[in-house]
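Residue numbers 3 to 325, in our numbering, belong to the letters of the sequence shown in order. The next block holds one structure in the form of structure tokens; read it before the comments.
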Amino acid sequence: MPNLDLPILVVDDAKFSSMVVARTLKKAGYRDVRIAHNAPDAVGLMEDRPVSVLIADWLMPEMDGLELTDRVRQLDEQGNHYTYVMLLTARESVDALAEAFDRGVDDFIYKSDMSKQLLPRIFAADRMADRQNTLLMANALLVENNRELESRNIIDLETGLCNNAYARERLERSLRQAESRGGASAYVLVGIRNWQPLKRQHSAGTMSELAVGIGRRLSHLIRPMDTLCRVGDNQYAIVAHFDNPEHCSVSAFRRIYDGINHKALKTTAGYISVEAGMALCRTDIQHGTPSVADVEKAAVQGLMDAYETRLFTETAPDVLQEA
């Protein structure tokens, strides 16, 4: 059954010709048929409301059928829509038709045989336009779903640990908890100082094993209530909260520093030793509540200092230092 609500636009500078086409369509039962007497007006109508089928004369002043097709394809791209373009023509040159197809035209109706061709071609155009627009809608929905899944994704696929997005979420919660209930928040950044030299020595598979091994080692060293995340290729973050601010210090994480630095990790390529740098960024309510970005910035700077000094470094966000 034809879709009699199919939106159709007829464009022809010859009013008689456009009226003949529109009358034929309406006589067949099509209810949504609009007429434009030039291409610029047609573009305006499609900008207001897209159509599924455009029937246009090839030869028109100001903008011919091919130029109109170019403009329609731009509108389609902007609106994630597909318009089936059908040109009315007296030209039967193979070269001319090939050029038109290259420009995005879907079909032709020869004016000499329009009365016989029009309705069957409209039926076909309806099916094609519906299929294309259904696919575009499905693809748009898929893209949106993928974006939503990515926004919810909190897992580092290589190690199985939580990722940077989750680390930021947990840090934000810890900061808010310290602000409302007291205590101190700790953001400990662990970086593998010799990661790049190791990458030059070992295969990607071995480095993946190493990343997993580091994650497992750290998981066994942290407190059960703390959160461990992989926040970069060679960086891990520990988010912790202390009810007593005095307990939030380098000494509380010393066993982690020693545990990752003093014992090699087993891989299929043999035992590999890593050189880990660590920086503790400590915050508490007495000095104000920094942003997550402030804490991350201070921790990264602290890690750079730790790499240079080869010491476990303690730092604080600028907002704390200025208080």
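In this text, a Cβ means the ideal position worked out from N, Cα and C, and glycines have one as well. Just so we're clear, the structure is a prediction, and the values are computed from it rather than from any experiment.
Please say whether residue j and residue i have beta carbons closer to each other than 8 angstroms?
i, j, result
"Ala188", "Arg312", "no"
"Phe314", "Arg225", "no"
"Leu8", "Asp128", "yes"
"Ile57", "Leu90", "yes"
"Leu282", "Gly217", "no"
"Met88", "Val55", "yes"
"Ala169", "Val241", "yes"
"Val190", "Ala140", "no"
"Ser117", "Ala92", "no"
"Phe244", "Ala318", "no"
"Gly59", "Asp97", "Contrary to the premise, residue 59 reads as Asp rather than Gly in this sequence. No, Cβ-Cβ distance for Asp59 and Asp97 is not below 8 angstroms."
"Asn263", "Glu277", "yes"
Please identify the residue among the options whose C-alpha is closest to the C-alpha of residue i.
i, options, result
"Ser205", "Leu27, Gly272, Glu150 and Phe103", "Gly272"
"Ala100", "Val74, Arg256, Pro122 and Leu68", "Leu68"
"Tyr259", "Asn196, Arg219 and Phe244", "Arg219"
"Ala234", "Asn165, Gly31 and Ser95", "According to the sequence as given, residue 234 is Gly; it is not Ala. When each option's Cα is compared against that of Gly234, the closest is Asn165."
"Asn332", "Val302, Ala300, Leu138 and Arg133", "There is no way to answer for residue 332, as the model of the chain reaches only from 3 to 325."
"Glu49", "Arg178, His83 and Lys29", "His83"
"Gly31", "Ile10, Asp43 and Glu277", "Ile10"
"Asp158", "Arg232, Glu277, Pro199 and Ala301", "Arg232"
"Thr291", "Asn263, Met227, Glu174 and Val22", "Glu174"
"Ala295", "Asp286, Glu171 and Met62", "Glu171"
Expressed to the nearest angstrom, what Euclidean distance is found between the alpha-carbon atoms of residue i and residue j?
i, j, result
"Ser275", "Gln288", "40 angstroms"
"Ser20", "Leu143", "37 angstroms"
"Gln323", "Gly261", "Low per-residue confidence applies at Gln323: pLDDT is 43, beneath 50, and the placement is therefore not dependable enough to give any value."
"Ala167", "Val252", "25 angstroms"
"Asn148", "Ala24", "43 angstroms"
"Glu298", "Ile194", "17 angstroms"
"Arg75", "Lys28", "26 angstroms"
"Met209", "Glu79", "43 angstroms"
"Ala2", "Ser293", "As shown, the chain starts at 3 and ends at 325. That puts residue 2 outside it, with no answer to give."
"Gly106", "Arg154", "39 angstroms"
"Gln203", "Arg183", "49 angstroms"
"Leu267", "Met130", "60 angstroms"
"Ala325", "Gln179", "Summary for Ala325: the model assigns pLDDT 38, below 50, so the residue's position carries little reliability; its value from the coordinates is reported in the next sentence. Spanning the two alpha carbons is a distance of roughly 20 angstroms."
"Gly81", "Asn135", "11 angstroms"
In the DSSP output, which residue or residues are listed as bridge partners for residue i?
i, result
"Thr91", "Tyr112"
"Arg36", "Leu11"
"Ile157", "Cys164"
"Tyr86", "Val55"
Report task. Could I get the ranges of all uninterrupted alpha helix (DSSP H) runs contained in the segment 172 to 257, with 4 residues as the minimum, in chain order? Result -> 197 to 203 and 206 to 223
Query raised in the report: What alpha helix (DSSP H) runs, 4 residues minimum, are completely inside the segment 57 to 82?
Result: 67 to 81
Query raised in the report: Curious, which full-length beta strand (DSSP E) runs of at least 3 residues does the segment 251 to 322 contain?
Result: 267 to 269, 272 to 274, 278 to 286 and 315 to 317
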